[in-house]
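Residue numbers for the sequence shown follow full-length UniProt numbering, beginning at 1 and rising by one. Working notes, beginning with the structure itself.
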Amino acid sequence: MLLSLRHHLRGGLLERLLPGQHSKSSVRGFHQCSAARSSGFSQDRVLADGTFVPAGTVTLTDGSLGVPPGVKIRPPGSPPTPTKRTLEASEKETAAEEAGRPSVSVEQGLDLDSQPSTSGRAQARSSVPLTAPLTDPISSYQLQQLVDFMQSHRRIAVLTGAGCSTESNIPDYRGRNGAYSTGFKPMTHQQFTSSEHSRSRYWARSFAGWHEYCDVKPNPAHFALARLQSHGRISHLMTQNVDRLHQKAGARDVLELHGTTHEVICLQCQQITDRYEFQEILAEANPDAAAAVRQMKKRGIDHAGAAERMNKIGSDERGQASAKAGAAVRRPDGDVEWPVRRPDGDVELRDAGHGFYVPPCTACGGPLKPDVVFFGDGVPAWRSQRALEISGELCDAMLVVGSSMQVYSAYRLARACTKRDAPLAIVNVGTTRADNEASLKIECLVGEVLSRLAAEPAMLVPPG
């Protein structure tokens, strides 16, 4: 491996990546000052000349830097080389499952005639959200491996995680740009159920962020999976995500392991209320907050008046803060003021808590909660049993997309598959809990991988 890397580096790869940005001596200087071991750098570093060197880079015997597969050295702030996207779902109208929104076919979300470039980055930051990771494009060899995997099995179960939605600008929790990187700590099940104030604080933030969250559109990964399902290439689709983007892209019979933000459940009688309907109920009960959200939608929260009103959402009558925001806020242009979106759709608001009224259940008067599995809670038994049945009995193989499987509820599904010698393939940027059990691992942008897979002629017909 090191000999191969050294050969490419001497062939000018490093110079092409960083034209005019550094010399061999600067690389050696980085090696000396960092005191890194030959096994590789465990953290991102910056050279004296400002060059950004990602974690995983190794020092070769001649003092130069060896770049591992899927990682490239680049100057800080420099845009990656763009490649043509095979899917342009973000620019197309997409279907929604509620409120009579116009539908869209799976084919409309796919550009089957376009072929991505095989050189350069798999994304351009001008067109792909910052929530998506930086990766290299999938190689022809890797694509063929994935095609062979899909063709070798008739019943393939797919499990998707947060990495499947990062290209829709919904951050994950554990990624480099994830919610945890901002210091955000999600509300736990115990906090929500034990404190009325915590529930008010949660619903105030959810109310403010819902108008943006519910308008998020599926990305190429969602459309590609829906298309593979429509051609019989996927027998079961399970997701850890709560955003319902699979359904918006046209997928059917999706098992939502962790529930969905699109439904609200009563903690006492289990009655289900549509989230759009509940948003209207919250707006009627909190007219000041509703007015602030309308202004935010119209002008953006950077407007002084809207920002001031937004800051008062959830404050008591004297304006005293009851909770402190855990992260800064930003606008779409990268400046400040726009609320930070979380993986569950809420936003950070200053002083959220007091003064925001959450009406009780209309059937029994019990407290209402989004129908999602909070941290510290468990997956409902019926849902867990169905997922284990799929992974442990009904599928011939499993494809995991965009999940690190750090939570046991996801990892045990992969284990249920591999324990009976059913193959496991993983498409995910970064390590996963099941890497050692996978027969195929591809670390590339999931939208590109799946869209190219769905465009393969062999995937256009049901398995034989």
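Each residue gets a CB set at the ideal place from its N, CA and C atoms; glycine is no exception. Since the structure is predicted, the reported quantities are computational estimates derived from the model, not experimental observations.
Nearest candidate by alpha-carbon position, reference Glu456, set Ile170, His211 and Arg227: Here residue 456 corresponds to residue number 456 of the sequence shown, with the count starting at 1. It is Arg227 whose Cα lies nearest to the Cα of Glu456.
What number of angstroms, rounded off, separates the C-alpha of Ile272 from the C-alpha of Leu440? Working through the sequence shown from its first residue, we reach residue 272 at position 272. Working through the sequence shown from its first residue, we reach residue 440 at position 440. Near 40 Å, if we compare the C-alpha coordinates of Leu440 and Ile272.
With a CB to CB cut of under 7 Å and the five nearest residues on each side skipped, what residues in its chain are close to His211? By 1-based counting over the sequence shown, the position of residue 211 is 211. Result list for His211: Val293 and Lys297, in chain order.
In three-state DSSP terms, what is Met405? Locating residue 405 in the sequence shown gives position 405, counting from the first residue. Coil.
Residue burial classification, Trp203 (beta-carbon count within 10 angstroms, cutoff 16): As a first step, residue 203 is located in the sequence shown; it is residue number 203 there, counting from the start. Trp203 comes out buried.
Roughly how many angstroms separate the alpha carbons of Arg452 and Glu167, rounded to a whole number? Translated into the one-based positions of the sequence shown, residue 452 becomes position 452. Translated into the one-based positions of the sequence shown, residue 167 becomes position 167. One C-alpha to the other measures close to 16 Å.
Taking Val429 as the reference, which of Phe149, Gln144 and Thr160 has the closest Cα? The residue given as residue 429 occupies position 429 in the sequence shown. The residue with the shortest Cα to Cα distance from Val429 is Thr160.
Cβ-Cβ distance between Cys266 and Gly366 below 8 Å: Within the sequence shown, residue 266 is the residue found at index 266, counting from 1. Within the sequence shown, residue 366 is the residue found at index 366, counting from 1. Yes, Cβ-Cβ distance for Cys266 and Gly366 is below 8 Å.
As assigned by DSSP and simplified to three states, the class of Met398: Here residue 398 is taken as the residue at index 398 of the sequence shown, counted from 1. Strand.
Taking the CB atoms as reference points, tell me whether Cys361 and Cys269 lie closer together than 8 Å. Within the sequence shown, the letter at position 361 stands for residue 361. Within the sequence shown, the letter at position 269 stands for residue 269. Contact: yes.
I need the DSSP call for Leu445, collapsed to helix, strand or coil. For this step, residue 445 is matched to residue 445 along the sequence shown. The answer is coil: DSSP assigns Leu445 none of H, G, I, E or B.
Using 8 Å as the threshold, is the C-beta distance between Thr188 and Phe374 below it? Mapped onto the sequence shown, residue 188 falls at position 188. Mapped onto the sequence shown, residue 374 falls at position 374. In contact: Thr188 and Phe374 (Cβ atoms closer than 8 Å).
Hey, is Gln240's beta-carbon within less than 8 Å of any beta-carbon in chain B? Absence of chain B from the displayed structure is noted, only one protein chain being present.
Do you know how far the Cα of His262 is from the Cα of Leu225? One-based indexing of the sequence shown puts residue 225 at position 225. One-based indexing of the sequence shown puts residue 262 at position 262. About 21 Å.
Just to confirm, are Ile156 and Ser235 a CB contact at a threshold of 8 Å? As a working mapping, residue 156 is identified with position 156 in the sequence shown. As a working mapping, residue 235 is identified with position 235 in the sequence shown. Against a cut-off of 8 Å, the Cβ pair of Ser235 and Ile156 comes out as a contact.
With Thr362 as the anchor, note down where its beta strand (DSSP E) starts and where it stops. Here the question's residue 362 lines up with position 362 in the sequence shown. Note, Thr362: premise wrong, no beta strand (DSSP E); not H, not E.
For Lys419, the nearest candidate out of Ala438, Gln406 and Ser404 (CA to CA): The residue labelled residue 419 in the question sits at position 419 within the sequence shown. Nearest option by C-alpha distance: Ala438.
Pairwise C-alpha distance: Val407 and Val254: The residue given as residue 254 occupies position 254 in the sequence shown. The residue given as residue 407 occupies position 407 in the sequence shown. Going from the Cα of Val254 to the Cα of Val407 covers about 20 Å.
With C-beta atoms as the reference, is Val400 less than 8 Å away from Leu368? Position 400 of the sequence shown, counting from 1, holds the residue named residue 400. Position 368 of the sequence shown, counting from 1, holds the residue named residue 368. No, Cβ-Cβ distance for Val400 and Leu368 is not below 8 Å.
Among the residues of its own chain, which have a CB less than 7 Å from the CB of Gly259, if the five just before and after it don't count? As a first step, residue 259 is located in the sequence shown; it is residue number 259 there, counting from the start. Once the five neighbours on either side are set aside, the close Cβ partners of Gly259 are Val242, Asp371, Val372 and Val373.
At the level of alpha carbons, what is the spacing between Ser152 and Pro463? As a working note, residue 152 is residue 152 in the sequence shown. As a working note, residue 463 is residue 463 in the sequence shown. C-alpha separation (whole angstroms): 9 Å.
Arg433 versus His197, Ser409, Leu445 and Met238, residue with shortest Cα-Cα distance: Position 433 of the sequence shown, counting from 1, holds the residue named residue 433. Out of His197, Ser409, Leu445 and Met238, Ser409 has the C-alpha closest to the C-alpha of Arg433.
Identify whether Ala434 lies in helix, strand or coil by the three-state DSSP scheme. As a first step, residue 434 must be located in the sequence shown, where it is residue number 434. It is coil, neither helix nor strand.
Buried versus exposed call for Gly447 [16 or more other C-beta atoms within 10 Å across all chains shown]: Here residue 447 refers to the residue found at position 447 of the sequence shown. So Gly447 ends up on the buried side.
Between the alpha carbons of Asp377 and Phe192, how many angstroms are there, rounded? The residue given as residue 377 occupies position 377 in the sequence shown. The residue given as residue 192 occupies position 192 in the sequence shown. Their Cα atoms are separated by approximately 11 Å.
Quick check on Leu460: buried or exposed, where buried means 16 or more other Cβ atoms within 10 Å of its Cβ? Sequence index remark: in the sequence shown, residue 460 carries index 460 (1-based). Its Cβ having fewer than 16 others within 10 Å, Leu460 is exposed.
Which whole-angstrom value is the C-beta distance of Ala363 and Ala397, which I expect to be below 8 Å? The residue labelled residue 363 in the question sits at position 363 within the sequence shown. The residue labelled residue 397 in the question sits at position 397 within the sequence shown. About 44 Å; that fails the 8 Å criterion.
Rounded Cβ spacing between Ala414 and Leu388 (contact assumed at less than 8 Å): In the sequence shown, residue 414 corresponds to position 414, counting from 1. In the sequence shown, residue 388 corresponds to position 388, counting from 1. 11 Å between Cβ atoms; not a contact.
Which residue comes first and which comes last in the beta strand (DSSP E) that contains Met238? Taking the first residue of the sequence shown as position 1, residue 238 is located at position 238. His236 to Thr239 is the span of the beta strand (DSSP E), which, as asked, contains Met238.
Can you tell me whether His222 is buried or exposed, with buried defined as 16 or more other CB within 10 angstroms of its CB? In the sequence shown, the residue the question calls residue 222 occupies position 222. With 16 or more Cβ atoms within 10 Å of its Cβ, His222 is classed as buried.
Which of the three DSSP states is assigned to Val147 in this structure? Translated into positions along the sequence shown, residue 147 becomes position 147. Reduced to three states, the DSSP call for Val147 is helix.
Would the beta-carbon of Ile426 fall within 8 Å of that of Ile138? For the purposes of this step, residue 426 is taken as residue 426 along the sequence shown, with counting starting at 1. For the purposes of this step, residue 138 is taken as residue 138 along the sequence shown, with counting starting at 1. Not in contact: Ile426 and Ile138 (Cβ atoms no closer than 8 Å).
What are the partner residues of Asp274, as DSSP defines its beta bridges? Translated into the one-based positions of the sequence shown, residue 274 becomes position 274. Per DSSP, Glu263.
Alpha-carbon spacing of Glu277 relative to Val158, whole angstroms: For this step, residue 277 is matched to residue 277 along the sequence shown. For this step, residue 158 is matched to residue 158 along the sequence shown. Taking the straight line joining both Cα atoms gives about 31 Å.
CA nearest to the CA of Gln385, picked from Arg412, Ile281 and Pro359: On the sequence shown, residue 385 is found 385 positions in, with the first residue counted as 1. When only C-alpha atoms are compared, the closest one is Arg412.
Cβ pair Pro359, Ala285 closer than 8 Å: To locate residue 359, count along the sequence shown from 1; it is residue 359. To locate residue 285, count along the sequence shown from 1; it is residue 285. Yes, these two residues count as a Cβ contact at 8 Å.
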